[in-house]
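J.: Quick note, the sequence shown lines up with residues 139 to 212 if you use our numbering. Every residue gets a Cβ at the ideal spot worked out from N, C-alpha and C, and that includes glycine. Here it is, the structure in full.
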Amino acid sequence: MIVHVCLGCGRVSPNRIAGDDNSYSVACLLQEPNSLGEQITAILAGRGIKLLCQEDEKEVLTCLYGFDYLKCIV
């Protein structure tokens, strides 16, 4: 899932990744530093949402591309 935070109202919306989403763009989100701030991170944690980060890259790539993901990203 991708978590969207509205900059206008602050609403937090987790959105499922769709089959036609660009897998490369989704994987690149792991490279982005968590810039949501402590308040929003606490709200997400309160909802049971754990943000993935670069340490979760192998698991995410396996989910996006399968166990042979190295063939897809080279």
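What are the complete alpha helix (DSSP H) segments, minimum 4 residues, inside the region 142-177?
T.: Complete alpha helix (DSSP H) runs here, min 4: 161-166.
J.: State the DSSP-derived secondary structure class of Ile140, mapped to helix, strand or coil.
T.: Correct three-state label for Ile140: strand.
J.: Could you have a look at Leu189 and say whether DSSP puts it in helix, strand or coil?
T.: It is coil, neither helix nor strand.
J.: Judging by CA-CA distance, which residue of Leu174, Leu189, Ile181, Glu193 is the nearest neighbour of Leu145?
T.: Nearest of Leu174, Leu189, Ile181, Glu193 to Leu145, Cα basis: Leu174.
J.: Among residues of its own chain, excluding the 5 on either side of Ser161, which ones have a beta-carbon nearer than 6 Å to its beta-carbon?
T.: Only Leu202 meet the Cβ criterion.
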